[in-house]
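Following: one structure in structure tokens, then a few remarks.
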Amino acid sequence: MLLNASGCLDALTAPQTARAFDAFVTKTVTPLPRGGNDPIRIAETDVGMLNSIGLANPGIKRFLREVLPELAQLEIPVWVSVGGFSAGEFAETCALLDSRDDVATIEVNLSCPNVDEAPESAAEIVAACRRATRLPLYAKLSPATWNVADVARAVEAAGADGLSLVNTLRGMKLDRDLRPVLGTGTGGLSGPSLKPVALAAVHACFRATALPIVGMGGVASGRDALELYAVGAGAVALGTVLFSDPSAPVRIREELSAELATRGLSSVDEACGIAHAKALPRRKHLDPTSRVSTKLLQND
Ligand SMILES: Cc1cc2nc3c(=O)[nH]c(=O)nc-3n(C[C@H](O)[C@H](O)[C@H](O)COP(=O)(O)O)c2cc1C
Numbered sequence: 145m146l147l148n149a150s151g152c153l154d155a156l157t158a159p160q161t162a163r164a165f166d167a168f169v170t171k172t173v174t175p176l177p178r179g180g181n182d183p184i185r186i187a188e189t190d191v192g193m194l195n196s197i198g199l200a201n202p203g204i205k206r207f208l209r210e211v212l213p214e215l216a217q218l219e220i221p222v223w224v225s226v227g228g229f230s231a232g233e234f235a236e237t238c239a240l241l242d243s244r245d246d247v248a249t250i251e252v253n254l255s256c257p258n259v260d261e262a263p264e265s266a267a268e269i270v271a272a273c274r275r276a277t278r279l280p281l282y283a284k285l286s287p288a289t290w291n292v293a294d295v296a297r298a299v300e301a302a303g304a305d306g307l308s309l310v311n312t313l314r315g316m317k318l319d320r321d322l323r324p325v326l327g328t329g330t331g332g333l334s335g336p337s338l339k340p341v342a343l344a345a346v347h348a349c350f351r352a353t354a355l356p357i358v359g360m361g362g363v364a365s366g367r368d369a370l371e372l373y374a375v376g377a378g379a380v381a382l383g384t385v386l387f388s389d390p391s392a393p394v395r396i397r398e399e400l401s402a403e404l405a406t407r408g409l410s411s412v413d414e415a416c417g418i419a420h421a422k423a424l425p426r427r428k429h430l431d432p433t434s435r436v437s438t439k440l441l442q443n444d
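Using our numbering, the first residue of the sequence shown is number 145, and each one after it goes up by one.
As structure tokens, then:
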């Protein structure tokens, strides 16, 4: 399964690119509208891209009224990325999404500014979201923590159905006069330099939890995608590559098929986890259209 990474594709201006994915993930939406950060918000570096968009979005009310109905016309499952500044804010948005039949999954963006990413705080947010919705919940984690596996275990215990790994890492670029390029000084680093970080995070969380994982970070080729499957991803998302190559989903699917065939693997399911020295139990794979949390299925 191939997804876009949140914030890296405007499906309404590029519907053809969006339809090349198995599901569309929205930009993070917050309870109130946000204009985002002062420019400059994007900078290229030798090893990837920096962004300081600042979660610019129309706010949940306008999103539900105007954006979601338009996205439904794409006729692919829609995953809504949810952000907030407290557990209550996250839960409020999840409750509003719960009543909609045009949302397949909620991705809880736990790497929002001012959100404490300690395992206890992440678990508190996921638990609040869990109480607010029966929709599947994917917890999107930052790799900027010493032990991402601790956070993964905590959100699994709090009721997450899956993990999205990884969000960006904080970085900075200076101009010729040695001044920060970005308006906010620092921003999120994505693209090629994030791939080793993503591989390590997916590898660790695959061992630490039984949750299905959407892997992302620097995927620009079929080989990159295969590597994420090999460390334990059950699906892969494309982010930065979409800014330079809108045909990436089609190209990467083709390259991935060739990579699998070369190795005598019949599907990505067979590739999932093969980088692990000791085989781990197989886990349930993702169904992008399922609209009911696996946790509820287990507990009901
Ligand atoms: C311009 C830009 C905007 C982003 N906005 C969001 C966002 O709103 N929510 C989120 O969870 N991640 C956001 N991300 C992070 C991506 O979803 C993804 O986790 C990250 O870029 C790593 O993947 P990549 O290296 O393939 O880009 C954004 C990334 C970029 C480059």
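Using N, Cα and C, we set each Cβ at its ideal position, and we do this for glycine too. None of these values were measured; they are calculated from a predicted model.
query	result
How many Å lie between M360 and E261 at the Cα?	19 Å
Under 7 Å from any heavy atom of ligand 1, does the C-beta of S365 make it?	no
Starting from the Cα of H420, find the closest Cα among T438, P287, F350 and give me that residue.	F350
Is T277 closer than 8 Å to A239 when the C-beta atoms are compared?	yes
Nearest to G417 by CA position, among P393, V436, A354, is which residue?	A354
Under the DSSP definition of a beta bridge, which residues are partnered with W223?	V169, T249
Given the structure, does M316 come close to ligand 1, in the sense that its CB is under 7 Å from one of the ligand's heavy atoms?	no
From this set, M316, G306, P183, T289, which residue's C-alpha is nearest A200's C-alpha?	P183
Could you tell me the boundaries of the alpha helix (DSSP H) in which I396 lies?	392 to 406
Using the C-alpha atoms, what's the distance from P356 back to K428?	7 Å
Leaving out five residues before and five after G192 in sequence, what residues of the same chain have Cβ atoms less than 6 Å from its Cβ?	L333, S334, G335, P336, S337
Just to confirm, does T312 get its C-beta within under 7 Å of one of the non-hydrogen atoms of ligand 3?	The ligand content of the structure shown is limited to ligand 1, which means ligand 3 is not among them.
Let me check understanding here. Comparing Cα to Cα, which of T406, D242, P175 lies closest to R435?	D242
Check whether the Cβ of G383 sits closer than 7 Å to any heavy atom of ligand 1, and report yes or no.	yes
Can you tell me the Cα-Cα spacing of Y373 and V341, whole angstroms?	14 Å
With C-beta atoms as the reference, is E403 less than 8 Å away from G366?	yes
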